[in-house]
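The sequence shown: position 131 = 135 (our numbering), numbered continuously.
Note that the Cβ used here is the ideal one computed from N, Cα and C, for glycine as well.
Here the structure is a predicted model, which means the values were calculated and not measured.
Remarks on the structure that follows.
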Amino acid sequence: MGEQTGPAKRRLGVMGGTFDPIHHGHLVAASEVAARFHLDEVVFVPTGQPWQKSHREVSPAEDRYLMTVIATASNPQFSVSRIDIDRGGPTYTTDTLRELAALNDDSDLFFITGADALSQILTWRDTEELFSLAHFIGVTRPGHILANPGLPEGGVSLVEVPALAISSSDCRARVAQGDPVWYLVPDGVVRYINKRKLYRH
Ligand code: ATP
Ligand code: MG
Numbered sequence: 005m006g007e008q009t010g011p012a013k014r015r016l017g018v019m020g021g022t023f024d025p026i027h028h029g030h031l032v033a034a035s036e037v038a039a040r041f042h043l044d045e046v047v048f049v050p051t052g053q054p055w056q057k058s059h060r061e062v063s064p065a066e067d068r069y070l071m072t073v074i075a076t077a078s079n080p081q082f083s084v085s086r087i088d089i090d091r092g093g094p095t096y097t098t099d100t101l102r103e104l105a106a107l108n109d110d111s112d113l114f115f116i117t118g119a120d121a122l123s124q125i126l127t128w129r130d131t132e133e134l135f136s137l138a139h140f141i142g143v144t145r146p147g148h149i150l151a152n153p154g155l156p157e158g159g160v161s162l163v164e165v166p167a168l169a170i171s172s173s174d175c176r177a178r179v180a181q182g183d184p185v186w187y188l189v190p191d192g193v194v195r196y197i198n199k200r201k202l203y204r205h
């Protein structure tokens with residue numbers, strides 16, 4: 005992310021998430037940021053599997069990875085990376101960005117995250133390194149207002165995406181209750197959830 009002039013760098017968006025399941029909120033956010041920031045590509049990075057059971061059981065990494073592939077396959081600007089899944093254990097954004105920066109030294113990185121997640125990130129210890137690795141873009145969604153005003157100068161942008169009150173937790177709850185998730189997630193993801201009987205307790 006230097007200020008030197010030289011050949012224009014590729015602009016690579018990075019969308020991290022549990023993607024359990026990926027839904028149209030994620031896809032609209034990535035598409036909107038790609039357009040506004042003239043990104044060449046957005047890479048979706050499903051998180052690794054937490055070692056210990058936290059407050060809920062996360063679906064197997066391979067299922068989350070495949071749903072992400074299914075959802076993004078038709079968009080030539082979108083790709084999926086296995087780096088966090090293959091590293092194993094819980095995901096730390098610093099590791100993700102360090103690894104992606106090393107793999108893409110021709111690119112400037114733009115880390116796309118929900119404003120809710122962004123206000124958490126700002127409380128972490130290694131924010132200085134984080135902001136040196138990527139420009140951070142917080143997308144706002146309904147019900148999440150960016151509370152933390154301590155944004156580092158120049159390191160963070162906020163983008164409003166068309167309001168999509170969709171969350172993975174709501175999708176999981178709907179499947180568990182037998183309610184439809186058609187049109188909340190891509191068709192192929194609905195079919196994958198049914199095929200693998202995900203979220204059915
Ligand atoms: P959960 O309900 O389990 O927390 P989620 O819907 O927030 O899941 P994640 O995989 O945790 O999905 O989200 C990945 C990233 O996408 C996060 O930065 C999150 O803030 C953002 N995000 C999630 N839903 C939306 C949405 N509807 N619009 C914009 N951004 C979203
Ligand atoms: Mg979330």
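_Contact between the region 8-27 and the region 186-201 is defined here as three or more beta-carbon pairs at a separation below 8 angstroms; is this criterion met?_
yes
*Does the beta-carbon distance from isoleucine 125 to valine 143 come in below 9 angstroms?*
no
_Only counting the same chain, and skipping five residues up and downstream in sequence, which positions put a Cβ closer than 8 angstroms to that of tyrosine 187?_
So the list reads His28, once near-sequence residues are dropped.
*Going by alpha carbons, who is nearest to alanine 77 out of Glu66, Val47 and Thr97?*
Val47
*For alanine 75, which residues of its own chain have a beta-carbon under 6 angstroms away from its beta-carbon, when the five flanking residues on both sides are left out?*
Ile26, Pro190 and Val193
_With distance defined between alpha-carbon atoms, name the residue in Phe82, Ser111, Arg86 and Pro80 nearest to glutamine 53._
Arg86
_Own chain, CB closer than 6 angstroms to serine 161, minus 5 neighbours either side, in chain order_ = Ile141
*asked:* Less than 7 angstroms between C-beta atoms, sequence neighbours within five positions excluded: which residues of the same chain meet that for alanine 38?
replied: Only Gly17, Val46 and Gln81 meet the Cβ criterion.
*Using the C-alpha atoms, what's the distance from leucine 101 back to tryptophan 128?*
If you draw a straight line from the Cα of tryptophan 128 to the Cα of leucine 101, it is about 15 angstroms long.
*Given aspartate 112 as reference, the closest of His42, Glu36, Tyr203 and Val185 once Cα atoms are compared*: Taking each of His42, Glu36, Tyr203 and Val185 in turn and checking the Cα distance to aspartate 112, the smallest one comes out for His42.
*Span of the beta strand (DSSP E) holding glycine 20?*
14-21 is the extent of the beta strand (DSSP E) around glycine 20.
_Nearest-angstrom Cβ-Cβ length linking leucine 202 and valine 179, presumed shorter than 8 angstroms_ = 7 angstroms
*Which runs of the beta strand (DSSP E) fall wholly inside the region 75-105 and span at least 3 residues, in chain order?*
82-84
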